[in-house]
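The letter at position 6 of the sequence shown is residue 5 when you use this note's numbering, and the numbering goes up by one with no holes.
The next block holds one structure in the form of structure tokens; read it before the comments.
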Amino acid sequence: MANVLTEKFQSLSLFSRIFIITTVTILFTLACIALINRIFHLAGIPYTYVWLVLVPIGIAFVIAYLAAKFVEREVNFPIRQFIDSAKEIARGNFDHKINVRGSQEMLQLARIFNYMTIELKRIYDININQIIREKIKTEAILRNIADGVIVSGPFDEVLLLNDIVETWFNVKEKDILGCSLAFFIPELKPLLEKTKQSFGNEILLEEIETEPDDPVSNIVLAAHASKVLDQGDLIGIVIVLRNITKEKQIDKMKTELVSVVAHELRSPLTSIAGFSEVLKDPEMPPARRKEFMDIIHYESGRLADMIDKFLNISRIESGQTVMNKIPIDIASTIASVVSINATLAQKKNITVKLNIQERMPFVNADPDLIGQVILNLFSNAIKYSREDSTVTLRAEWIDEEIKISVEDMGFGISKENMKNLFQKFFRAKDDKRIKSIEGTGLGLAFVKEIVQQHGGKIHVESEWGKGSTFSFTLPAGIQTSDKFEVRLTASAR
């Protein structure tokens, strides 16, 4: 009971407490006077003495009241102003100033309070600016790292994603904020569920293959997910995505390499071993023996050619090939390649057309390597063309480049295979007739490396069932010989 009364008394205003204390004191005094008066009466003392006591007490009562009002005005009111000002500052209004009238002590306290407000504002501004800088820095890091970052809320709603994720999935962050991550990338749904059911800050890893909207190709992602907890409550999930498509492709290529090498090496080696065994027969007719020896010679040449191509690509990729670049006449190079390998076309009764622009400048290139590029494209065009069709070779001077094209009327290439066309050991398998044609899948990879080493670009256009056109460009040569200068001058006219 005493504690309750104490709390209620302390909750009263300063004036009320002073007034109550003063009043209680006066009443206690009056009670004492009444008691004394009774004693005086019983003792026969005159009442004059009582009034001499009561009048000063009344005056003291008035003085006590005035003192309480004074204390309220000088102490309680300024304190109330300080309280109101503190509330304003707590709301973030650091421009609020306190204006107090009163004693020197109160005025000094007000000045200190206002100075404290100014310092708080300065520190607040510093902290806010620092937070903003850190936020900008963090966002810049998140947006520019090579890995994808997605942050979702406790209900799988998208809260943040960085630029690389926008690129992969052809979306904008502002368009999908608040949307369901499981709807945005359905392949992540099992990982989200496992992450929610995991214990503590365990990081889960899952490999997903997804097909974004309007994709260049499917992408394979390694997804790392972990929970974000606040006092044990789930407030979000952070997912880091790493694009491992190339690693998967390399693994696949390694597997295919073993398969291709095993198959391609086994075929000629089997022929060589088989016919060598047959040649041991001393009674074999000479004509038959010559036929088998020709087969062995052909298969050994094919085997050596495949090994040479593979080694050449490896040397070019590693930068070990030394190029002997000189000004060459690309028209003469094309004509020479076609002339030497004319029998390739004759076997299938294919017509070869040359459409070479006159008075083209020379190109600064390695004649042997560029000759191999043209030969690879020409032999491929013959190999994959139908009988009695046409293969056209073109060369033209466009701006600062020489463009060479080889057009065939063959099987064509599907869009699905176009993106992998220049990878090592890749062979299109759109048609069973293509599968039956011998090849290692190294030729176009070799062509691409040589063209790029010469500062050029290679391009292919194809329509399935109608044929293909392979084109590559080389920078037009600089004036390094008198012959070149004469041709360039003639062209300029």
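Ideal Cβ placement from N, Cα and C applies to all residues, glycine included.
Does the segment 405 to 422 come within contact of the segment 464 to 476, defined as at least 3 CB pairs closer than 8 Å? The segment 405 to 422, when compared against the segment 464 to 476, does touch it at the 8 Å Cβ threshold.
Tell me the DSSP secondary structure of ARG385 in three-state form. As a first step, residue 385 must be located in the sequence shown, where it is residue number 386. Under the three-state reduction of DSSP output, ARG385 falls in the coil class, being neither helix nor strand.
Check whether LYS308 and LEU441 have beta carbons under 9 Å apart: On the sequence shown, position 309 is the one that residue 308 refers to. On the sequence shown, position 442 is the one that residue 441 refers to. In this structure, LEU441 lies closer than 9 Å to LYS308 by Cβ.
Among LEU264, LEU240, GLN345, ASP229, nearest to VAL148 - alpha-carbon criterion: As a working mapping, residue 148 is identified with position 149 in the sequence shown. Nearest Cα to VAL148 within the set LEU264, LEU240, GLN345, ASP229: LEU240.
Whole beta strand (DSSP E) elements within the segment 123 to 180, 3-residue minimum: Complete beta strand (DSSP E) runs here, min 3: 147 to 151, 157 to 160.
Euclidean distance between Cα positions of ASN379 and ALA344: By one-based count along the sequence shown, residue 379 stands at place 380. By one-based count along the sequence shown, residue 344 stands at place 345. Taking the straight line from one Cα to the other gives about 11 Å.
Using 10 angstroms around the beta-carbon of ALA224, count the other beta-carbons present and answer buried if the total reaches 16, otherwise exposed. Within the sequence shown, numbered from 1, the residue matching residue 224 stands at position 225. Around the beta carbon of ALA224, 16 or more other beta carbons lie within 10 angstroms, which makes this residue buried.
Here's the rule: buried if 16 or more other CB atoms are within 10 angstroms of the residue's CB, otherwise exposed. What is ASP365? Indexing the sequence shown from 1 puts residue 365 at position 366. Per the 10 Å Cβ criterion, buried.
Can you tell me where the alpha helix (DSSP H) holding VAL321 begins and where it ends? Numbered from 1 along the sequence shown, position 322 holds the residue referred to as residue 321. Looking at the DSSP string, VAL321 is not in any alpha helix (DSSP H), and its letter there is neither H nor E.
Counted within 10 angstroms of its Cβ, other Cβ atoms place SER338 as buried (16 or more) or exposed: Reading the sequence shown from its first residue, position 339 is the one you call residue 338. Flag for SER338 reads exposed.
What's the call for VAL362, buried or exposed, on a 16-neighbour Cβ count within 10 Å? Here residue 362 corresponds to residue number 363 of the sequence shown, with the count starting at 1. Buried.
List in chain order: all unbroken beta strand (DSSP E) runs of 3+ residues lying wholly within the segment 262 to 349. You should have 325 to 327.
Are at least three pairs of beta-carbons, each pair with one atom in the segment 170 to 183 and one in the segment 150 to 161, less than 8 Å apart? Under the Cβ criterion (8 Å, minimum of three pairs), the segment 170 to 183 counts as touching the segment 150 to 161.
Relative to the C-alpha of GLU87, which candidate in LYS402, MET305, ALA30, PHE112 has its C-alpha closest? The residue given as residue 87 occupies position 88 in the sequence shown. When each option's Cα is compared against that of GLU87, the closest is PHE112.
Can you tell me which of the three DSSP states GLU246 falls into? Translated into the one-based positions of the sequence shown, residue 246 becomes position 247. Taken through DSSP and simplified to helix, strand or coil, GLU246 comes out as helix.
Is it buried or exposed for PRO360, if we count other Cβ within 10 angstroms and need 16 for buried? As a working note, residue 360 is residue 361 in the sequence shown. Counting every other CB atom within 10 Å of its CB across the protein chains shown gives PRO360 a total of 16 or more, marking it as buried.
Residues in the same chain with beta-carbon distance under 8 Å from PRO214, minus the five sequence neighbours each way, listed in chain order, please. Taking the first residue of the sequence shown as position 1, residue 214 is located at position 215. Here the model assigns PRO214 a pLDDT of 47, short of 50, so the residue's position is not dependable and the matter cannot be decided.
From the DSSP output, in three-state form, read off GLU186 for me. Position 187 of the sequence shown, counted from the first residue, corresponds to residue 186. DSSP places GLU186 in helix when its eight states are reduced to three.
Taking the Cβ atom as the reference point for each residue, do ARG393 and ASN354 lie within a distance shorter than 9 Å? Here residue 393 is taken as the residue at index 394 of the sequence shown, counted from 1. Here residue 354 is taken as the residue at index 355 of the sequence shown, counted from 1. With respect to the 9 Å criterion, ARG393 and ASN354 are classified as neighbours on the basis of their beta carbons.
Could you give the distance in angstroms between the alpha-carbon of VAL227 and the alpha-carbon of LEU204? As a first step, residue 227 must be located in the sequence shown, where it is residue number 228. As a first step, residue 204 must be located in the sequence shown, where it is residue number 205. Cα-Cα distance, rounded: 16 Å.
Which word fits MET115, buried or exposed, when buried means at least 16 other C-beta atoms lie within 10 angstroms of its C-beta? Position 116 of the sequence shown holds residue 115. For MET115, the number of other beta carbons within 10 angstroms of its own is below 16, and it is reported as exposed.
For PHE18, which of helix, strand or coil comes out of DSSP? Numbered from 1 along the sequence shown, position 19 holds the residue referred to as residue 18. PHE18: helix per DSSP, three-state reduction.
Beta-bridge pairing of SER378 - partner residues as DSSP gives them: Along the sequence shown, read from residue 1 onward, the residue named residue 378 stands at position 379. Residue pairing by DSSP leaves SER378 without any beta bridge partner.
Any idea what DSSP makes of PHE469, helix, strand or coil? The residue given as residue 469 occupies position 470 in the sequence shown. Three-state DSSP puts PHE469 in a strand.
Nearest-angstrom Cα distance between ASP124 and ILE117? Here residue 124 refers to the residue found at position 125 when the sequence shown is read from its first residue. Here residue 117 refers to the residue found at position 118 when the sequence shown is read from its first residue. Distance from the CA of ASP124 to the CA of ILE117, rounded to the nearest whole angstrom, comes to 11 Å.
Under a Cβ-count criterion, where at least 16 other Cβ atoms within 10 Å of its own Cβ denotes burial, should VAL485 be classed as buried or exposed? Here residue 485 is taken as the residue at index 486 of the sequence shown, counted from 1. Low confidence applies here, because VAL485 scores a pLDDT of 31, under 50, leaving its location unreliable and the question unanswered by this model.
Cβ distance (whole Å) where ILE207 is taken to contact LEU220 below 8 Å: As a position in the sequence shown, residue 207 is number 208, starting the count at 1. As a position in the sequence shown, residue 220 is number 221, starting the count at 1. Correct: roughly 5 Å between the Cβ atoms.
Cβ pair GLU357, ALA475 closer than 9 Å: Walking along the sequence shown from the start, residue 357 turns up at place 358. Walking along the sequence shown from the start, residue 475 turns up at place 476. No, they are not a contact pair.
According to DSSP, is PRO360 helix, strand or coil? By one-based count along the sequence shown, residue 360 stands at place 361. Correct three-state label for PRO360: coil.
Helix, strand or coil at ASP229 [DSSP, three-state]: Working through the sequence shown from its first residue, we reach residue 229 at position 230. When secondary structure is reduced to three states using DSSP, ASP229 falls in the strand class.
Since I believe ILE373 is in contact with THR332 (beta carbons under 8 Å), could you give me their beta-carbon distance rounded to a whole number of angstroms? In the sequence shown, residue 332 corresponds to position 333, counting from 1. In the sequence shown, residue 373 corresponds to position 374, counting from 1. With a beta-carbon spacing of about 6 Å, THR332 and ILE373 fall inside the 8 Å limit used to define contacts.
Which residues DSSP lists as bridging ILE88, in chain order: Working through the sequence shown from its first residue, we reach residue 88 at position 89. Per DSSP, none; premise fails for ILE88.
Given 8 Å, three or more beta-carbon pairs between the segment 268 to 285 and the segment 190 to 200: The segment 268 to 285 vs the segment 190 to 200: no contact.
I need the boundaries of the beta strand (DSSP E) containing LEU203, first residue and last residue. As a first step, residue 203 is located in the sequence shown; it is residue number 204 there, counting from the start. First-last of the beta strand (DSSP E) with LEU203: 203 to 209.
With a 10 Å radius around its C-beta and 16 neighbouring C-beta atoms as the bar for buried, classify MET292 as buried or exposed. The count along the sequence shown starts at 1 and reaches residue 292 at position 293. Answer is exposed; the Cβ neighbour count stays below 16.
Going by C-alpha distance, which of LEU278, LYS279, ARG314, THR269 is nearest GLU298? Within the sequence shown, residue 298 is the residue found at index 299, counting from 1. Distance check between GLU298 and each of LEU278, LYS279, ARG314, THR269 places THR269 closest, using alpha-carbon atoms only.
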